[in-house]
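*Asks:*
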Amino acid sequence: MGESLSDRRYTREHEWVSVNGDTATVGITHFAQELLGDLVYFDLPDLGTMVRQFAKIGEVESVKAVSDIFSPVSGEVIEINPIVAESAEVVNHDPYDKGWLLKVKLTNPVELNNLLSAAEYNTLIAESEKH
Amino acid sequence: MGEKDTKPRLTCLHQVYPIGEHTKLVPFAGWGEMPLQFVSMLMEHRAVRQRAGMFDVSHMGRLWVNGANAAALLRKALTYNVRRLKDRQGHYALLCQEDGGIIDDVFVYRLNGRRFLIIDNAANAEKDHEHFAGLVEQWMWVTLEDCQMETAMIALQGPEAARILSEMLGAALVEGLPRHGCAEFDFRGERAFIAQSGYTGENGYEVVLGPDEGRALWEQLIDSGVQPCGLGARDTLRLEAALALYGNDIDTSTNPFEAGLDWVVNLDDEPFVGRKALTRMKAVGAQRQLVCLKATTKGIMRDGFTVWHNNQVVSRVTSGGFSPTLDVSIGMAYLPPKLAAQGTVLEIDVRGKLLPVEVVGHPFYQAPSLRK
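For the record, the sequence lines run as chains G and Z. Following the numbering used here, the numbering of the first sequence begins with -19 at its first residue and continues without gaps. Following the numbering used here, the numbering of the second sequence begins with 214 at its first residue and continues without gaps.
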């Protein structure tokens, strides 16, 4: 249910990235959406924006909270998920598939090594749940 | 301070909460674990607007004021003149300081001329009850009986609330209650209290009953498909109804006239605490007004955000959030009269970005059945 998937990599700020060729699909994790609760709005960068790894690229607002979104990779934003723009709730229901946020054309794929594996990310959230 | 101040309390209904994967329990106003949400704030909000939802409101204060001079005491303590109430009738009221600042907002119910029930805010209950006790004079035949710890209180709200509760308590009792009407009745052989009231902008009922009876009614309501709702949905619902939240929209630094609550201040009757100051304030006129703000684009105004007009800060949002019914952000703020007219366009600083908002009518939403 809330398992972190092993086919992708993660940031400490609760974003995920899945890479296919030179295109990276980016989203927020199940843990993040559960923590934020009912999601209302995503503020995401425009198409063509150049983003840097770990730099802030947008915000997500839930009924009760707001959080920054950071890019897991560097590159150019080539696609925004139109379903999310229409209805943010899809990310609550399906954060890893239908609820992806944006696609980035990678400019520095080596950076993927800076990200966490699913096992490492699971350890991170297990630690944070203890506190 | 006694032990109850250091050890967080749990309500009588805590043990029958339906705890699920998405349930979030939080400390609230001295209570250890209150539900923020059982499933989802949006889902719970919509359940109340479309069908029926219920809330554990046992954390709220419940004070019986009994005796031949109950009305005399309450007239001294409240801005609303309780002598205007008929038997089995209730009214919204304020407790004010001598300077007119608001100590709390409460509901007062008259069962009969010698028996009244005060329902007040969780965070203020102890302070309020001391305030009432301090106003009791030697000549008064009056007793104060705090029944908060020995009872449960359930709020059932929504268009189907009347039908569902009628099936359990009888249509004669439930449907016989007028707006803000109240009654005492027997539930499983124990005395219980019901009022037509709520904090959601929907028709609804608040029921006070013993712990066992409360748990039984709670479970009966779950079995009949009523959605249990948490404090999150309670806040989005009351904000849509533009009902003041004590501590956010009103407090000791605000007065009833600027808060739009002049309809609960009866200056023409007997004296009460704050009357002199309030009479003066009314003559001068409100210097600012609590208004409803509605965003005209995406972005959420929240409590404390600054309100701008012509590149100047003119106020702060007292309550702000997202309205699930209107699908846009809404909030309230005190504004000078020249900026308080409907249609006035202002901006809210949302973390450095300006969110355009418009002053709109009060309330944002009200159930069709409650519209006058």
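Note that CB positions come from ideal geometry on N, CA and C, so glycine has one too.
1. Does the separation of the CB atoms of D317(Z) and L308(Z) fall below 7 Å?
2. Applying a beta-carbon distance threshold of less than 8 Å, which residues of chain G neighbour T449(Z)?
3. Mind pulling the beta strand (DSSP E) runs of 3 or more residues that sit fully within the segment 560 to 584 of chain Z?
4. In chain order, what residues of the same chain have a beta carbon less than 8 Å from the beta carbon of W300(Z), not counting five sequence neighbours either side?
5. Give every residue of the same chain whose Cβ lies closer than 6 Å to the Cβ of E(-7)(G), excluding the five residues on either side of it in the sequence, and list them in chain order.
6. Using the rule of at least 16 other Cβ atoms within 10 Å of the residue's Cβ for burial, across every protein chain shown, is W(-4)(G) buried or exposed?
7. Please state whether DSSP places M214(Z) in a helix, a strand or coil.
8. Measure from the alpha carbon of L452(Z) to the alpha carbon of each residue in Y578(Z), V321(Z), F241(Z) and E311(Z), then state which is nearest.
9. When we look at the beta-carbon of E471(Z) and count the other beta-carbons within 10 Å, is it buried (16 or more) or exposed?
10. Could you check which residue in D436(Z), G427(Z), R488(Z) and R501(Z) has the C-alpha nearest to that of I614(Z)?
11. The alpha helix (DSSP H) that contains R451(Z), what's its start and end?
12. Quick check: the segment 402 to 415 of chain Z against the segment 355 to 373 of chain Z, are at least 3 beta-carbon pairs closer than 8 Å?
13. Return the CA-CA distance between L444(Z) and S437(Z), expressed in angstroms with no decimal places.
14. On the three-state DSSP scale, how would you describe H(-6)(G)?
15. In the structure shown, what three-state DSSP assignment does D18(G) receive?
16. Thinking C-beta only, is H575(Z) closer than 7 Å to A496(Z)?
17. When DSSP builds the beta bridges, which residues end up paired with V6(G)?
18. Are the segment 12 to 19 of chain G and the segment -16 to -9 of chain G in contact at 8 Å, needing three or more beta carbon pairs?
19. I believe E560(Z) touches P569(Z) by the beta-carbon criterion, under 8 Å. Please report the beta-carbon distance rounded to the nearest angstrom.
20. Measure from the alpha carbon of K83(G) to the alpha carbon of each residue in D23(G), V53(G) and H10(G), then state which is nearest.
21. Spell out a yes or no on whether the segment 75 to 94 of chain G and the segment 23 to 43 of chain G are touching, meaning 3 or more CB-CB pairs, one atom from each, closer than 8 Å.
22. With distances taken between CB atoms, is the gap from G303(Z) to C395(Z) smaller than 7 Å?
23. Look up M(-19)(G) in the DSSP assignment and say whether it is helix, strand or coil.
24. Name the DSSP beta bridge partners of I138(G), please?
25. In this structure, how does DSSP classify M267(Z) when only helix, strand and coil are distinguished?
26. In or out: E257(Z) buried (at least 16 other Cβ within 10 Å) or exposed?
27. Have a look at G349(Z) and L286(Z) and give me their C-alpha separation to the nearest angstrom.
28. Does the Cβ of M214(Z) have 16 or more other Cβ atoms within 10 Å, making it buried, or fewer, making it exposed?
29. Can we say the segment 331 to 342 of chain Z touches the segment 270 to 284 of chain Z, given the rule of at least three CB pairs closer than 8 Å?
30. Can R296(Z) and A284(Z) be called in contact, C-beta distance under 7 Å?
31. As a quick exercise: from V520(Z), L539(Z) and G266(Z), pick the residue whose alpha carbon is nearest that of V252(Z).
32. Hey, does D77(G) have any beta-carbon neighbour from chain Z nearer than 7 Å?
*Replies:* By the coordinates alone:
1. The Cβ atoms of D317(Z) and L308(Z) sit closer than 7 Å to each other.
2. V43
3. 566 to 573
4. Correcting the residue type first, residue 300(Z) is Asp in the shown sequence and not Trp. R323, L324, N325 and G326, listed in sequence order.
5. F50
6. buried
7. Confidence at M214(Z) is low in this model, with a pLDDT of 40, below 50, so the placement of that residue should be treated as unreliable; the coordinate-derived value is given next. Looking at M214(Z) - three-state DSSP - the assignment turns out to be coil, as it is neither helix nor strand.
8. Checked all of Y578(Z), V321(Z), F241(Z) and E311(Z); the closest Cα to L452(Z) is Y578(Z).
9. Classification for E471(Z): buried.
10. Residue 614(Z) is absent from the structure shown; chain Z starts at 214 and stops at 585.
11. L444 to E453
12. The segment 355 to 373 of chain Z, when compared against the segment 402 to 415 of chain Z, does touch it at the 8 Å Cβ threshold.
13. 22 Å
14. coil
15. In this structure, DSSP gives D18(G) a state outside helix and strand, which the three-state scheme calls coil.
16. no
17. V6(G) pairs with V(-3)(G) and L82(G).
18. Output reads no: the segment -16 to -9 of chain G does not touch the segment 12 to 19 of chain G.
19. Distance from E560(Z) to P569(Z) at the Cβ level is roughly 6 Å; contact confirmed, criterion being Cβ atoms closer than 8 Å.
20. With distances taken between Cα atoms, K83(G) lies closest to V53(G).
21. yes
22. Cβ distance < 7 Å, so G303(Z) and C395(Z) count as in contact.
23. Legend: pLDDT at M(-19)(G) = 44, less than 50; position of this residue unreliable, value from coordinates given subsequently. In the structure shown, M(-19)(G) sits in coil (DSSP, three-state: anything other than H, G, I, E or B).
24. Lying outside -19 to 111, the shown extent of chain G, residue 138(G) is not represented and no answer is given.
25. strand
26. buried
27. Rather than Gly, the amino acid found at residue 349(Z) in this sequence is Val. Those two C-alpha atoms are separated by around 6 Å.
28. Its pLDDT being 40, under 50, M214(Z) is placed unreliably by the model, and nothing is read from it.
29. yes
30. In this structure, the beta-carbon distance from R296(Z) to A284(Z) falls below 7 Å.
31. G266(Z)
32. no
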